[in-house]
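Let me begin by presenting the structure, written as structure tokens, before commenting on it.
Protein chains: 2
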Amino acid sequence: MKKYSEMTKKELLSERESVLKEYERLKAQNYNLDMSRGKPSMDQLGLTESLLHILTNGADCKTEDGIDCRNYGQLFGLKEARELFSDLLEIPADNIILGGNSSLNMMYDTVARAMLYGVPGSDKPWCKLDHVKFLCPSPGYDRHFHICESLGIEMIPVDMTPTGPDMDAVERLASEDESIKGIWCVPKYSNPQGITYSDETVRRFAALKCKAKDFRIFWDNAYAVHDLDDNGDILLNIFALMHGTEYEDRLYYFFSTSKISFPGSGVALLALSDRNLEATKKIIEAQTIGPDKINQLRHVKYFTNAEGIIDHMRLHGMVLKPKFDAVLHTLKTELAPTGIAEWTEPKGGYFISLDVADGTAKETYRLASEAGVKMTKAGATFPYGKDPRDRNLRLAPSFPPLEELSLAIHVICVCAKLAYLNKTLL
Amino acid sequence: MKKYSEMTKKELLSERESVLKEYERLKAQNYNLDMSRGKPSMDQLGLTESLLHILTNGADCKTEDGIDCRNYGQLFGLKEARELFSDLLEIPADNIILGGNSSLNMMYDTVARAMLYGVPGSDKPWCKLDHVKFLCPSPGYDRHFHICESLGIEMIPVDMTPTGPDMDAVERLASEDESIKGIWCVPKYSNPQGITYSDETVRRFAALKCKAKDFRIFWDNAYAVHDLDDNGDILLNIFALMHGTEYEDRLYYFFSTSKISFPGSGVALLALSDRNLEATKKIIEAQTIGPDKINQLRHVKYFTNAEGIIDHMRLHGMVLKPKFDAVLHTLKTELAPTGIAEWTEPKGGYFISLDVADGTAKETYRLASEAGVKMTKAGATFPYGKDPRDRNLRLAPSFPPLEELSLAIHVICVCAKLAYLNKTLL
Numbered sequence: 003m004k005k006y007s008e009m010t011k012k013e014l015l016s017e018r019e020s021v022l023k024e025y026e027r028l029k030a031q032n033y034n035l036d037m038s039r040g041k042p043s044m045d046q047l048g049l050t051e052s053l054l055h056i057l058t059n060g061a062d063c064k065t066e067d068g069i070d071c072r073n074y075g076q077l078f079g080l081k082e083a084r085e086l087f088s089d090l091l092e093i094p095a096d097n098i099i100l101g102g103n104s105s106l107n108m109m110y111d112t113v114a115r116a117m118l119y120g121v122p123g124s125d126k127p128w129c130k131l132d133h134v135k136f137l138c139p140s141p142g143y144d145r146h147f148h149i150c151e152s153l154g155i156e157m158i159p160v161d162m163t164p165t166g167p168d169m170d171a172v173e174r175l176a177s178e179d180e181s182i183k184g185i186w187c188v189p190k191y192s193n194p195q196g197i198t199y200s201d202e203t204v205r206r207f208a209a210l211k212c213k214a215k216d217f218r219i220f221w222d223n224a225y226a227v228h229d230l231d232d233n234g235d236i237l238l239n240i241f242a243l244m245h246g247t248e249y250e251d252r253l254y255y256f257f258s259t260s261k262i263s264f265p266g267s268g269v270a271l272l273a274l275s276d277r278n279l280e281a282t283k284k285i286i287e288a289q290t291i292g293p294d295k296i297n298q299l300r301h302v303k304y305f306t307n308a309e310g311i312i313d314h315m316r317l318h319g320m321v322l323k324p325k326f327d328a329v330l331h332t333l334k335t336e337l338a339p340t341g342i343a344e345w346t347e348p349k350g351g352y353f354i355s356l357d358v359a360d361g362t363a364k365e366t367y368r369l370a371s372e373a374g375v376k377m378t379k380a381g382a383t384f385p386y387g388k389d390p391r392d393r394n395l396r397l398a399p400s401f402p403p404l405e406e407l408s409l410a411i412h413v414i415c416v417c418a419k420l421a422y423l424n425k426t427l428l
Numbered sequence: 003m004k005k006y007s008e009m010t011k012k013e014l015l016s017e018r019e020s021v022l023k024e025y026e027r028l029k030a031q032n033y034n035l036d037m038s039r040g041k042p043s044m045d046q047l048g049l050t051e052s053l054l055h056i057l058t059n060g061a062d063c064k065t066e067d068g069i070d071c072r073n074y075g076q077l078f079g080l081k082e083a084r085e086l087f088s089d090l091l092e093i094p095a096d097n098i099i100l101g102g103n104s105s106l107n108m109m110y111d112t113v114a115r116a117m118l119y120g121v122p123g124s125d126k127p128w129c130k131l132d133h134v135k136f137l138c139p140s141p142g143y144d145r146h147f148h149i150c151e152s153l154g155i156e157m158i159p160v161d162m163t164p165t166g167p168d169m170d171a172v173e174r175l176a177s178e179d180e181s182i183k184g185i186w187c188v189p190k191y192s193n194p195q196g197i198t199y200s201d202e203t204v205r206r207f208a209a210l211k212c213k214a215k216d217f218r219i220f221w222d223n224a225y226a227v228h229d230l231d232d233n234g235d236i237l238l239n240i241f242a243l244m245h246g247t248e249y250e251d252r253l254y255y256f257f258s259t260s261k262i263s264f265p266g267s268g269v270a271l272l273a274l275s276d277r278n279l280e281a282t283k284k285i286i287e288a289q290t291i292g293p294d295k296i297n298q299l300r301h302v303k304y305f306t307n308a309e310g311i312i313d314h315m316r317l318h319g320m321v322l323k324p325k326f327d328a329v330l331h332t333l334k335t336e337l338a339p340t341g342i343a344e345w346t347e348p349k350g351g352y353f354i355s356l357d358v359a360d361g362t363a364k365e366t367y368r369l370a371s372e373a374g375v376k377m378t379k380a381g382a383t384f385p386y387g388k389d390p391r392d393r394n395l396r397l398a399p400s401f402p403p404l405e406e407l408s409l410a411i412h413v414i415c416v417c418a419k420l421a422y423l424n425k426t427l428l
């Protein structure tokens, strides 16, 4: 088969006819397939079933130190739980604050605190400044962008490269503009491309020159242990790199078990320097008496140690890998020959990023919706929902069963082709 | 025995000698008794033991509507759980947002949102105003005051009366000063006095005239169902009174199961008007994907309905009543004859408020600390920790076992007497 770009008009018209026919056939099936969010599947949720009932009575709820997890207290979470994640992430337990069920919540709160109080190094609260800007490597995670939009923080897109954000641009912008106060990073298996930052990228982040004294890196290591198999990417430990340096206050490091145990009923984490921690403590003390310790203890008893989590994540990988493979297989079979699209082949995380032909992502999304396939909205992976080339789509293979998934990707491929052909021909 | 005020100097000196002797004897025992916070006791925590393991597998985690509580979603919490609390509090389920484990957290976040975004009726975010003030019925809950202090909100104390806050003062201040944006209320079994607002007080709140268009009542109904026995106080339903009136946006209503199931692992609630809910939703959407639904479902399965909660609270009352009785008995036996102190006799809640002689609360606290009895810090029940008459102490009878409790109260009585005698004589 010829690439679309090499086809004559007549060939394209004939191709369009057959693609349209297939599209109409699919549409008539009234599918209802959801590939919109990075949700674990039923199979994955079943992997931690016994977490539900691992604590059965009051005695089970006592910690090593005799703390009754059923009662008030422990502002930063259980010592055992902080140690478990310290072990896993190689971050000192003393620099870890455990929160509730959502690292997104901890990120929002961290930015909101900076707005209301400033951070160590700030002259004043960010809400008292005329302009606050964040660098946003794009495509990126829509919910990061949503936090900025909600809080009135201006977003400056920075291109993603195969080794992470374009660090030349990051360094130039951060060193020039004092109103640039932060950057969002998903450093391992980035959302949506599945890119892991190279060692050089991490090192450049750790030594970033910034005009703003209160610049912060929001390091959302959401997929730290989410490899598809034993051949996963390795990310340099930025906390260790920065800890003890003059730049250590610049890092807010986030993590959660949402995609390890249960999304919405896991444990979220914020790691930060001593000075950041002291400043944060003063504020959190006004906000809460402490997080859900019973649920933290469940996680400690279930996973025991870092190895327990790593072993467990192998099981997740075994469920996810065939799904990623299926998506990639269909893309390769159906889209590669046309030459109109590109995609990533991540070794972990929750997403595959699909770039269709310029100017056709929204239309592909619309066509897929009409055929009953729900995707993350086109444009959502860019600040303000504006994909400058209108080409990026985020595919989330985790949730649907394998058969549904292959079908959904087939629908998307047909839609991508039809969108291209319509644009070229009509 | 004579009242202290009727004693001659010689009699007082002799009384001081015997009180001091008893104090020294107590101090020598090296006690370690904690009456500082309103924490449920081990006996109370044991009442909901089976809540821990009421969900044991994936099928248990499905809701009536087929929602899998183990996965993401449901921004405002589970429908069933909202209905359970709707039933209990007689507030429409559609006006209820369920949060995480802490109503304090929801209160802080609600004030922080007002600071960052304003509320319906605001011209601008409160953080953009030169002055934001809250009325603070005093004595009151230290953590409410801490929220104001943390966020730079000026606190204006208002006296508490046996029927609730001094409403003449509340009405005058709220109607005069546009920078007064809110008031903290614990309307049933107020913290620390255990006062329940009278019907008239609630009605006056529901129809309050305010200068600020964006005034808000922070109605922390923490002890809504926390009666010591079947003879509990009855609080008028302010939500029902205000719902559908021109003032309905003025109410933020909070509640939690912290002292029903497990403190720190319960479910928190915010009830609010449609317009407040819409405005809040837009912001919460940026903050989280949703609260811990598994824990909400545990509560639904365990309590089933409002009656289940009410029945359960009878058991809590049966554990708490003897403790309240013991405190009151000791105060009556040891302090009443001296005439130097007054206290409340609440029918529920978690506290007894003790007013010792003017100018002796801090000293009583200090003496008790030195004798190994930890109380809530003197002054903590007032804004900025400043009790103008230095007389109020908050007693929290719930946590210590009965024998320890009686002993601790005896120590406090001895300290109150000694503080008075020292002040009068030295």
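Chains as they are written, first to last, in our numbering: chain F, 3 to 428; chain R, 3 to 428. Just so you know, even glycine gets a beta-carbon here, dropped at the ideal spot from N, CA and C. Remember, it's a predicted structure, so these values are computed and weren't measured experimentally.
Beta-carbon gap between residue i and residue j smaller than 8 angstroms
{"i": "L279/F", "j": "E17/F", "result": "no"}
{"i": "I99/R", "j": "G75/R", "result": "no"}
{"i": "C71/R", "j": "I296/R", "result": "yes"}
{"i": "Y1/F", "j": "Y352/F", "result": "Outside the shown range of chain F, which is 3 to 428, sits residue 1/F, and nothing can be said about it."}
{"i": "D222/R", "j": "F264/R", "result": "no"}
{"i": "K190/R", "j": "R218/R", "result": "no"}
{"i": "T165/R", "j": "Y199/R", "result": "yes"}
{"i": "L131/F", "j": "S181/F", "result": "yes"}
{"i": "D216/R", "j": "S275/R", "result": "no"}
{"i": "T426/F", "j": "L272/F", "result": "no"}
{"i": "M320/F", "j": "S38/F", "result": "no"}
Among the options, nearest to residue i - alpha-carbon criterion
{"i": "T1/R", "options": "A359/R, G361/R and L330/R", "result": "The structure shown does not extend to residue 1/R, since chain R spans only 3 to 428, so no value can be given for it."}
{"i": "L47/R", "options": "G60/F, A270/F and A328/F", "result": "G60/F"}
{"i": "A328/R", "options": "D62/R, I354/R and G387/R", "result": "I354/R"}
{"i": "K283/R", "options": "K4/R, G68/R, L77/R and F401/R", "result": "L77/R"}
{"i": "V302/R", "options": "I262/R, L253/R and A363/R", "result": "I262/R"}
{"i": "A421/R", "options": "E13/R, M108/R, Y25/R and K5/R", "result": "Y25/R"}
Straight-line Cα distance separating residue j from residue i
{"i": "S7/F", "j": "G266/F", "result": "46 angstroms"}
{"i": "A208/F", "j": "E51/F", "result": "39 angstroms"}
{"i": "I93/R", "j": "F87/R", "result": "8 angstroms"}
{"i": "E178/F", "j": "K211/F", "result": "9 angstroms"}
{"i": "K213/R", "j": "R205/R", "result": "18 angstroms"}
{"i": "G341/R", "j": "P399/R", "result": "22 angstroms"}
{"i": "N32/R", "j": "A373/R", "result": "7 angstroms"}
{"i": "M169/F", "j": "P159/F", "result": "12 angstroms"}
{"i": "T366/F", "j": "C417/F", "result": "5 angstroms"}
{"i": "L404/F", "j": "T332/F", "result": "12 angstroms"}
{"i": "A308/R", "j": "N103/F", "result": "26 angstroms"}
{"i": "L238/R", "j": "T203/R", "result": "9 angstroms"}
{"i": "G120/R", "j": "R252/R", "result": "13 angstroms"}
{"i": "I312/R", "j": "V227/R", "result": "7 angstroms"}
Coarse secondary structure for residue i, derived from DSSP in three states
{"i": "N394/R", "result": "strand"}
{"i": "V416/F", "result": "helix"}
{"i": "M44/F", "result": "helix"}
{"i": "M9/R", "result": "coil"}
N- and C-terminal bounds of the beta strand (DSSP E) containing residue i
{"i": "A270/R", "result": "A270 to L274"}
{"i": "R218/F", "result": "R218 to D222"}
{"i": "T163/R", "result": "E156 to T163"}
Limits of the alpha helix (DSSP H) - the one that residue i falls within
{"i": "G184/R", "result": "Looking at the DSSP string, G184/R is not in any alpha helix (DSSP H); the run it does join, the beta strand (DSSP E), is I182 to C187."}
{"i": "D89/F", "result": "K81 to L91"}
{"i": "F207/R", "result": "D201 to A208"}
{"i": "A105/R", "result": "For clarity, residue 105/R is Ser in the given sequence; the question names Ala instead. That run of the alpha helix (DSSP H) goes S105 to Y119."}
{"i": "F2/F", "result": "There is simply no residue 2/F to check, as chain F begins at 3 and stops at 428 in what is shown."}
{"i": "M3/F", "result": "Element bounds for M3/F: n/a, residue is neither H nor E."}
{"i": "I311/R", "result": "A308 to T332"}
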